[in-house]
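See below for the structure under consideration.
In the numbering used here, the protein residues as written are 1193 to 1754.
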């Protein structure tokens, strides 16, 4: 009776399963490959890192049910703690451990295959010099995100999900500026020929392991079996197991376990015999980053014997010093923007004038079952940080919302999702609804249905524009923006009021709050609302242009810096 090999159905997973089958065939053992789809394959959402072992559990479950004899996995995807009924039977000889950052190729760049054929690595500093300010990069890995953002907080992470080939297509389409992938997977797919058509359109940089250690187990195929069959299948272990790879991966996973993390922990740990390279971010690095503060990375490069784990931790942030003189007064309520501006000597006071009341019962549910392919799934369109916060709440009890792609109007909305653990799939970098419409109409086909939650006071103009352009749009009141009673605040004529929405402008006026001479607002709709209100009749109103922090800094330096 043949050995039944359980695997996911992607090209990369099938390559791994065939490699196992080939090794067993050479030893005279007959095999049969059995394919399954895991939950990781059934989602396009950006919350991959909130669910450990998505690519593992289903296949191991089939193992326990007796439907397969062994299960084949990428070792880096295996949680540090697994079901006691499942054992790791073998680790196959490790491939390369490096990560590649892929870009669209320009005329002087080497092709992807030329990079693979050249063993040269690039330092992280040199690599970052190539990436333009405010670029997007595709990965949901906590390790990759934390290492990049610790050096370049201006970058915007995006969730680029699906098989490797699909992710590459998104890069070539311009959905993302750069893509981070494991070199081992790229090399394996190269042997299948599926990347040949893209080779001349892609280039890549291999990141130095000293700057960027691998995820524990990366580049390694591991084979699971039922614990009570370990001895029975020991003959397979003798054929498949590579002793040095096993020793290295066990060391990496042991250190990961010592750090208190799992396979999604923000840690790079790479063992090569007695040599060890480690980079670990604080567990709460995302919160620190979203607050606009720097975080430290624990680094080690030396022998395993001399290694001492010193987990980084985030210090209690010092109280922001009040800046004398003029300041921004913001209804946006972004701690990140306030902190970044304060570090440049620019004061900002956050003043909330709205309460967000989610209307979760109105959000669509159980809508994915009608589609036969993930390519038909709708996109969730988010037009503000408020809509982002509401989407996060909806996704907690609404699995279909969590599984689809999220599209953010701009950086602020994308970061509002990121702060709460979700990496959006698309960031349009739009400053207003017109630019957002232009982005969608240029980059998303009309065959894609759009789900559009809006506030109780938002006009239907944007949804109507999309419908008139041929899109199938489902829009609904996803949340209510309710004006709240605000106590009077100190405002000087030289202060600058930053108004984030029409609702905020109306609430400010209804509260009778003092207004400085200068107002900067977000979007032309907000400007029109401000100009229509008697309360602001003597104010100079301008629309924010470009990324919020950069624009405010530039404006302040030109108009208020003395």
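All C-beta atoms in this analysis are idealised placements derived from N, C-alpha and C, irrespective of residue type, glycine included.
If you draw a straight line from the C-alpha of residue i to the C-alpha of residue j, how long is it?
i	j	result
residue 1360	residue 1305	14 Å
residue 1747	residue 1496	52 Å
residue 1447	residue 1489	16 Å
residue 1384	residue 1213	16 Å
residue 1728	residue 1546	18 Å
residue 1694	residue 1722	7 Å
residue 1288	residue 1445	17 Å
residue 1558	residue 1272	33 Å
residue 1376	residue 1258	30 Å
residue 1241	residue 1610	Confidence at residue 1241 is low in this model, with a pLDDT of 48, below 50, so the placement of that residue should be treated as unreliable; the coordinate-derived value is given next. Their backbone Cα atoms lie some 11 Å apart in a straight line.
residue 1719	residue 1697	9 Å
residue 1744	residue 1632	26 Å
residue 1252	residue 1565	25 Å
residue 1394	residue 1386	14 Å
residue 1233	residue 1724	In this predicted model, residue 1233 has a pLDDT of only 45, less than 50, meaning its place in the structure is not dependable; the value taken from the coordinates is given anyway. For residue 1233 and residue 1724, the distance between alpha carbons rounds to 50 Å.
residue 1478	residue 1703	35 Å
residue 1740	residue 1529	8 Å
residue 1662	residue 1518	48 Å
residue 1476	residue 1424	44 Å
residue 1262	residue 1196	7 Å
residue 1688	residue 1709	7 Å
Output needed for residue i: all residues of its chain with C-beta closer than 6 Å, excluding positions within five of it in sequence on either side, in chain order.
i	result
residue 1323	none
residue 1453	1459
residue 1582	1550, 1670, 1671
residue 1222	1194
residue 1278	1252, 1416
residue 1473	1338, 1458, 1489
residue 1643	1570, 1572, 1666
Can you name the start and end residues of the alpha helix (DSSP H) that residue i belongs to?
i	result
residue 1688	Where residue 1688 is concerned, there is no enclosing alpha helix (DSSP H), although the beta strand (DSSP E) it sits in stretches over 1688 to 1691.
residue 1322	1316 to 1322
residue 1532	1527 to 1534
residue 1471	That residue, residue 1471, is in no alpha helix (DSSP H); its beta strand (DSSP E) goes 1467 to 1472.
residue 1697	1694 to 1702
residue 1747	1740 to 1751
residue 1431	1426 to 1432
residue 1607	1603 to 1611
residue 1577	1577 to 1589
residue 1447	1435 to 1450
residue 1248	Where residue 1248 is concerned, there is no enclosing alpha helix (DSSP H), given that its DSSP letter is neither H nor E.
residue 1358	1356 to 1365
residue 1762	For residue 1762 there is no data in the structure shown, the boundaries of the chain being 1193 and 1754.
Identify, in the order they occur along the chain, each residue of the same chain with its Cβ nearer than 8 Å to the Cβ of residue i, setting aside the five sequence neighbours on each side.
i	result
residue 1623	1602, 1714, 1715, 1735, 1736, 1737, 1738
residue 1401	1289, 1290, 1313, 1462, 1469
residue 1437	1283, 1284, 1285, 1286, 1412
If you reduce the DSSP assignment to three classes, tell me which class residue i lands in.
i	result
residue 1381	helix
residue 1710	strand
residue 1242	Any answer about residue 1242 is weak, because its pLDDT of 47 lies below 50 and its placement is not dependable; what the coordinates show is given next. DSSP places residue 1242 in helix when its eight states are reduced to three.
residue 1664	coil
residue 1307	helix
residue 1197	strand
residue 1284	coil
residue 1625	helix
residue 1221	coil
residue 1618	strand
residue 1233	Any reading at residue 1233 must be qualified, since the residue scores a pLDDT of 45, below 50, and its modelled position is unreliable; the value itself is stated next. Note: residue 1233 maps to helix in three-state DSSP.
residue 1636	coil
residue 1598	strand
residue 1350	strand
residue 1728	helix
residue 1499	coil
residue 1559	coil
residue 1483	coil
residue 1228	strand
From the DSSP output, which residues share a beta bridge with residue i?
i	result
residue 1325	Paired residue(s): none; residue 1325 is not in a bridge.
residue 1673	1548
residue 1291	1374
residue 1493	1469
residue 1265	1414
residue 1521	1541, 1689
residue 1734	1712
Can you tell me where the beta strand (DSSP E) with residue i in it begins and where it stops?
i	result
residue 1463	1459 to 1464
residue 1571	1571 to 1574
residue 1394	1394 to 1398
residue 1646	1642 to 1647
Suppose the cutoff is 7 Å on Cβ atoms and the five residues either side in sequence are ignored; what does the same chain contact list for residue i look like?
i	result
residue 1669	1551, 1554, 1646, 1648
residue 1679	none
residue 1431	1215, 1216, 1219
residue 1368	1328, 1329, 1330, 1350, 1352, 1362
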